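Protein chains in written order, with full-length UniProt numbering: chain Y, 1 to 613; chain S, 1 to 157.
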């Protein structure tokens with residue numbers, strides 16, 4: 001029997017041939033991408049383009065099954081298309097692109113035009129928003145998908161007919177300001193975060209370049225105090241030196257250095273720059289008197305029976321006991337690395353050594369800043385709020401994304417009029433709530449306050465190279481009047497909220513478009529109506545053969561008395577029939593790779609929840 | 001396009017239509033000839049019959065990318081003398097603090113009026129600099145002298 005017999009039976013021969021002759025794009029080749037590509041290839045898509053900017057790392061292998069040990073450091077997009085070849089029975093033509101989907105040189109709008117359908121398999125908010133926006137520009141159908149732990153979601157998006165990605169507010173994980181964590185803690189959770197994500201991470205975990213707590217830009221956005229910035233830098237350098245000691249010094253030396261540097265010297269240095277500005281409401285810290293405790297510590301260490309302290313997980317350890325636990329856990333962690341069994345160690349609440357270390361270190365820091373001590377049990381709960389990436393969830397969600405995507409190809413096409421297909425499609429959630437493992441909801445219409453599809457129309461502004469260098473901003477304003485805007489009421493912004501023109505600012509009208517920096521192929525400009533009559537218009541500048549503005553009929557502007565008051569509950573009011581699962585949030589920054597593929601959802605949003613980055 | 005862009009243009013329009021007497025606020029001109037709607041300069045007049053009167057105090061207002069989810073940062077010149085202004089000039093005010101009273105619906109007008117109110121009614125609870133705070137609590141005569149000197153420096157024409 002031919003390999004495609006069942007597909008033809010299930011989908012219908014005609015529909016199947018539509019799939020076979022179609023060209024689709026898959027953005028992302030990670031947790032979801034690996035699963036999804038397998039599904040797409042076996043569904044018979046004729047041509048599949050794959051874009052990913054990442055290379056494969058060791059930690060991907062536990063769930064990204066198209067990758068093997070010897071693929072480490074290779075390009076994800078190139079590797080996946082090779083990996084699926086041995087089951088590419090239906091001869092899908094695979095085209096890999098190693099690059100950033102947001103790169104307008106590599107992927108200009110004319111490149112996007114070739115695809116009939118777009119599948120997102122991304123792990124971050126920024127790229128999701130970008131793909132959503134490109135699909136809105138070109139009115140291409142998009143399948144959005146994401147998972148967090150056991151939860152997952154797919155959302156088909158039909159531009160201007162159903163909710164787009166930006167129509168619902170995305171919950172961003174609660175994060176504490178870097179300065180609170182690093183120099184002015186006031187609560188146990190600040191010290192726990194510090195111990196786990198800064199101290200532990202810097203000493204034992206894989207070194208990552210984009211760690212939030214050491215990001216100089218983040219720090220500068222929070223403090224202007226040069227002394228404090230210098231303090232942070234020095235502290236980071238010293239931690240790198242301590243990390244070096246793990247493999248070069250014996251345990252007593254390493255641990256003593258750790259105690260002295262982190263809990264004494266650093267705090268003394270912090271006191272030198274102490275001011276109201278750097279204190280931020282925290283108490284004045286008292287450096288740990290390491291010497292005073294050294295003989296008592298030696299006493300505890302001498303008696304093996306004291307190891308029982310480690311098991312007293314509901315007791316509030318004394319300062320001495322915390323030092324003891326820090327000593328014992330550091331010793332084991334060091335041994336694990338020195339023995340070569342592990343090259344790095346990630347915090348895991350169920351890995352007692354890592355938990356002991358974090359509990360003791362955070363308690364010592366708490367005592368320094370006059371914050372209450374917590375039991376190991378409590379700390380486990382607070383520190384353990386980590387959502388793992390689960391291969392099964394990725395597989396289920398990818399399966400749904402693929403299946404739901406075929407619906408588009410089994411429904412008669414009406415160009416970019418998506419009313420029929422919107423009606424037939426649904427969004428799907430999976431989770432482990434009993435009796436609600438899989439739920440679905442109808443697609444809501446665009447949110448009337450959504451800045452991406454309800455308040456704005458979009459189009460491609462094609463302009464020839466000659467016109468670009470001769471026509472002026474004033475000419476463009478004249479063209480815009482054809483849409484119904486009035487010259488006195490429009491404003492023109494380029495990206496990053498830079499205003500080029502409005503009634504009070506006409507300095508640029510006689511300049512040519514090319515001479516305005518920032519206007520170039522691939523850039524966006526936003527036109528708004530200050531008289532509130534018409535909606536906004538976003539134009540994508542595309543240097544092309546012939547100059548033309550998009551043919552569009554702008555809708556009346558929808559105004560709201562309460563401007564941009566955010567919907568505090570989060571979202572999804574539009575037609576989702578997800579019952580009492582509380583709010584379903586497509587949340588954001590799952591940039592952490594252990595947490596790939598996005599997000600979602602939280603039935604019991606706890607305000608202090610912090611996603612582990 | 002983002003909410004940020006729509007909202008900033010809206011703030012500019014609203015300010016043009018209606019702004020409190022004696023205040024000014026405008027986006028800064030950038031090197032490439034555009035106006036940066038995320039960086040504004042503004043002037044806050046001291047209220048009449050207060051120590052702060054007859055002067056217009058310059059501030060900068062910086063809107064982050066996440067505005068209006070996150071509040072703008074308001075700064076006086078460095079070392080501005082006021083108990084709730086950090087040595088860097090950054091204003092410590094609850095409506096400008098995301099953790100406290102910031103709400104996305106707060107407008108530019110409300111912000112500058114809030115800063116004006118703060119001038120003559122410092123908040124004891126959140127000291128941000130030593131000199132002004134200490135003088136305010138312990139040596140009112142010195143405090144008043146310093147504030148008046150500062151008012152002269154920024155005297156309105």
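Ideal Cβ positions, reconstructed from N, Cα and C, are used throughout, including at glycine. Keep in mind the model is a prediction, meaning the values are calculated, not measured.
- Non-local beta-carbon contacts of residue 25(S) in its own chain, meaning distances under 8 angstroms to residues more than five positions away in sequence, involve 15, 19, 40, 41, 42, 43, 61, 108, 112 in chain order.
- The region 399-449 of chain Y is shown to contain whole alpha helix (DSSP H) runs of 4 or more residues at 419-424, in chain order.
- Note that the C-beta distance between residue 362(Y) and residue 373(Y) is not below 7 angstroms.
- Distances from the CA of residue 250(Y) to each of 268(Y), 313(Y), 335(Y) were compared; the closest alpha carbon is that of 335(Y).
- Note that the region 258-269 of chain Y touches the region 237-245 of chain Y; at least 3 beta-carbon pairs, one per stretch, sit closer than 8 angstroms.
- Within its own chain, the residues whose Cβ lies closer than 8 angstroms to the Cβ of residue 306(Y), once the five positions on either side in sequence are excluded, are 300, 324, listed in chain order.
- Of the candidates 170(Y), 227(Y), 339(Y), 198(Y), 339(Y) places its Cα closest to the Cα of residue 247(Y).
- Residue contact check for residue 69(Y) against chain S: no CB pair falls below 7 angstroms.
- Exclusion of the five residues before and after residue 18(Y) leaves 409 as the residues of its chain whose Cβ lies within less than 6 angstroms of its Cβ.
- At least one beta carbon of chain Y lies nearer than 7 angstroms to the beta carbon of residue 6(S).
- Within the same chain, and ignoring the five residues on either side of residue 474(Y) in sequence, the residues whose Cβ sits closer than 8 angstroms to its Cβ are 509, 510.
- Boundaries for residue 275(Y): no beta strand (DSSP E) harbours it, and the DSSP string shows neither H nor E there.
- Between residue 23(Y) and residue 44(Y) the beta-carbon gap is near 13 angstroms, outside 8 angstroms, which marks them as no contact.
- When Cβ pairs closer than 8 angstroms are counted between the two stretches, the region 411-426 of chain Y is seen to touch the region 151-161 of chain Y, the count reaching three or more.
- Residue environment: residue 354(Y) is assigned as buried (16 or more neighbouring CB atoms within 10 Å of its CB, all protein chains considered).
- In chain order, 498, 516, 517, 518 make up the part of chain Y whose C-beta sits under 8 angstroms from the C-beta of residue 32(S).
- Within the DSSP secondary-structure output, residue 148(Y) pairs in a beta bridge with 151(Y).
- Nearest in C-alpha terms to residue 135(Y), of all of 116(Y), 21(Y), 74(Y), is 116(Y).
- Residue 132(Y) carries a helical assignment under DSSP once its states are collapsed to helix, strand and coil.
- Chain-ordered, the chain Y residues with CB closer than 8 angstroms to the CB of residue 2(S) read 451.
- Contact check for residue 27(S) and residue 499(Y): beta-carbon distance about 7 angstroms, within the 8 angstroms limit, so the pair qualifies.
- For residue 501(Y), the enclosing beta strand (DSSP E) stretches over residues 498-501.
- A Cβ of chain S is located within less than 7 angstroms of the beta carbon of residue 508(Y).
- Between the region 483-496 of chain Y and the region 526-535 of chain Y, the count of Cβ pairs shorter than 8 angstroms is three or higher; the stretches touch.
- Of the residues assessed, residue 553(Y) falls on the exposed side of the cut-off, its CB having fewer than 16 other CB atoms within 10 angstroms.
- Proximity of residue 38(S) to chain Y, defined by a Cβ-Cβ separation below 7 angstroms, is satisfied.
- Contact between the region 97-115 of chain Y and the region 80-88 of chain Y is absent, with fewer than three C-beta pairs closer than 8 angstroms.
- Three or more pairs of CB atoms, one per stretch, sit closer than 8 angstroms, so the region 340-360 of chain Y contacts the region 304-323 of chain Y.
- The C-beta of residue 67(Y) has 16 or more other C-beta atoms within 10 Å across all chains shown, which makes the residue buried.
- Counting other Cβ atoms within 10 Å of its Cβ, residue 400(Y) reaches 16 or more and is therefore classed as buried.
- With its beta carbon at least 7 angstroms from every one in chain S, residue 274(Y) lies outside the interface.
- For residue 280(Y) against residue 179(Y), the beta-carbon gap comes to about 7 angstroms, under 8 angstroms, which counts as contact.
- For the C-beta of residue 27(S), the chain Y residues within less than 8 angstroms are, from N- to C-terminus, 499.
- Residue-level contact check: residue 13(S) touches chain Y, since one or more beta carbons of chain Y fall below 7 angstroms from its beta carbon.
- Under the three-state reduction of DSSP, residue 75(S) is assigned to strand.
- DSSP lists no bridge partner for residue 229(Y).
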